[in-house]
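Student: Just passing along the structure, written as structure tokens.
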Amino acid sequence: MTYTQAPIEMDLYMEIPHGIETTEGNRKDYVLQLPANIYGQKQAGSVWNQYLVSKLESIGITQSCIYECVFYRDGIIFIVYVDNGIFLGTSDGQLSNVIKELMDVGLQIEDQGHSADYIGVNIKQLPDSSYKFSQ
0 MTYTQAPIEM DLYMEIPHGI ETTEGNRKDY VLQLPANIYG QKQAGSVWNQ YLVSKLESIG
60 ITQSCIYECV FYRDGIIFIV YVDNGIFLGT SDGQLSNVIK ELMDVGLQIE DQGHSADYIG
120 VNIKQLPDSS YKFSQ
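Dropping the structure here:
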């Protein structure tokens, strides 16, 4: 998942970066128009979050009232940190279905299979099917 999937709210421009030359005139006389949000842009995080929440809600996934980064539906929990997310569920089929639903509503996500590490947290499934989280 990434910020660039969210639609931009207004025209965005940036100075031409050092090392890029223009064919005519001084590069300081030109700007680049950005077709999408980029990291580092003031409102990119907020725009991305609104976009993600709208996609999740469109398929019936509810945002937690206590932790805004946690979402849930029918035994599935989705945790998002900036632009990374992890699904937790009771079966692979259930998780595959929700990922397909999100892709069907236009969210570009990548299924990277079972997670052993997520944003510095080690995840290990125990023999009793419970999980151990450690750092």
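Residues 0 to 134 in numbering that gives the first Met the number 0 are what the sequence shown spells out, letter by letter.
Where is the CB? At the ideal position from N, CA and C, for every residue including glycine.
Predicted, not measured: the structure shown is a model, and the values here were computed from it.
Label Lys54 either buried or exposed according to how many other C-beta atoms from any shown protein chain fall within 10 Å of its C-beta, with 16 as the threshold for buried.
Tutor: As a position in the sequence shown, residue 54 is number 55, starting the count at 1. Its Cβ being crowded by 16 or more others within 10 Å, Lys54 is buried.
Student: Expressed to the nearest angstrom, what Euclidean distance is found between the alpha-carbon atoms of Leu94 and Leu33?
Tutor: As a first step, residue 94 is located in the sequence shown; it is residue number 95 there, counting from the start. As a first step, residue 33 is located in the sequence shown; it is residue number 34 there, counting from the start. Between Leu94 and Leu33, the C-alpha separation is close to 34 Å.
Student: Please report how far the alpha carbon of Asp116 lies from the alpha carbon of Ile122, in whole angstroms.
Tutor: The sequence position of residue 116 within the sequence shown is 117, counting from 1. The sequence position of residue 122 within the sequence shown is 123, counting from 1. Near 6 Å, if we compare the C-alpha coordinates of Ile122 and Asp116.
Student: Run through the DSSP bridge pairs and tell me what Asp116 is partnered with.
Tutor: Numbered from 1 along the sequence shown, position 117 holds the residue referred to as residue 116. Asp116 pairs with Asn121.
Student: What runs of the alpha helix (DSSP H), each 4 residues or longer, lie entirely inside the segment 64–117?
Tutor: Correct list: 91–103.
Student: From Gly88, Asp103, Phe70, Ile78, pick the residue whose C-alpha is nearest to that of Gln124; which is it?
Tutor: Residue 124 sits at position 125 when you count from the first residue of the sequence shown. Ranking Gly88, Asp103, Phe70, Ile78 by Cα distance to Gln124 puts Gly88 first.
Student: Just the C-alpha distance for Gln49 and Val120, rounded to the nearest angstrom, thanks.
Tutor: Mapped onto the sequence shown, residue 49 falls at position 50. Mapped onto the sequence shown, residue 120 falls at position 121. Gln49 and Val120: Cα-Cα distance of roughly 26 Å.
Student: Would you kindly check if the distance between the Cβ of Gly44 and the Cβ of Val79 is under 9 Å?
Tutor: Taking the sequence shown and counting its residues from 1, one reaches residue 79 at position 80. Taking the sequence shown and counting its residues from 1, one reaches residue 44 at position 45. No, the Cβ-Cβ distance between Val79 and Gly44 is not below 9 Å.
Student: For the candidate residues Gln111, Tyr66, Ile65, whose alpha-carbon lies nearest to that of Phe86?
Tutor: The residue labelled residue 86 in the question sits at position 87 within the sequence shown. For Phe86, the nearest C-alpha among the options comes from Gln111.
Student: For the beta strand (DSSP E) that Lys131 lies in, which residues bound it at each end?
Tutor: Position 132 of the sequence shown, counted from the first residue, corresponds to residue 131. Run containing Lys131: 130–133, per the beta strand (DSSP E) assignment.
Student: Within its chain, find whatever has a CB closer than 8 Å to the CB of Tyr172; leave out the 5 residues flanking it on each side and keep chain order.
Tutor: Shown here, the chain extends from 0 to 134; a query on residue 172 therefore has no answer.
Student: Let me make sure I understand the geometry here. Which of Ile65, Val69, Gln42 has the alpha-carbon closest to that of Val52?
Tutor: As a working note, residue 52 is residue 53 in the sequence shown. Residue Val69 is the option with its Cα nearest to Val52.
Student: For Ser57, collect the residues of the same chain with a Cβ closer than 8 Å to its Cβ; drop the 5 residues on either side in sequence, then sort them by chain order.
Tutor: Mapped onto the sequence shown, residue 57 falls at position 58. Here the set comprises Val104.
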